[in-house]
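Undergrad: First the structure, which I've put down as structure tokens, then a few questions once you've had a look.
In this note's numbering, the protein residues as written are 29 to 110.
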């Protein structure tokens, strides 16, 4: 995808989700540099486009620190009419 001729790169939420899935398959990803992880997320099929290394580094730092980004909330079911 492009926007104004510029390739669209995955955002933090997409990178976080992709990294979470990738770590399940290969826990050693956490020991690699952000540049390597960025390429591996595409090579492994977790993302279609290579993410910015700076964003991958930020997500890796959060994961290593034990911080978790908030998960999107699912819509609540409508309350039944009484």
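Idealized CB from N, CA, C, for every residue including glycine.
Note that this is a predicted model, so its numbers are computed, not measured.
Can you give the Cα-Cα distance for residue 53 and residue 81, rounded to whole angstroms?
TA: Walking along the chain shown from the start, residue 53 turns up at place 25. Walking along the chain shown from the start, residue 81 turns up at place 53. Spanning the two alpha carbons is a distance of roughly 21 Å.
Undergrad: Please identify the residue among 59, 38, 69, 50 whose C-alpha is closest to the C-alpha of residue 89.
TA: Taking the chain shown and counting its residues from 1, the one referred to as residue 89 is at position 61. Of the listed residues, the one whose Cα sits closest to residue 89 is 59.
Undergrad: Just reading off the alpha helix (DSSP H) that residue 41 is part of, what are its end residues?
TA: As a working note, residue 41 is residue 13 in the chain shown. Residue 41 -> alpha helix (DSSP H) spans 40 to 53.
Undergrad: With C-beta atoms as the reference, is residue 77 less than 9 Å away from residue 87?
TA: Indexing the chain shown from 1 puts residue 77 at position 49. Indexing the chain shown from 1 puts residue 87 at position 59. It is not a contact, given that the beta carbons lie outside the stated cut-off.
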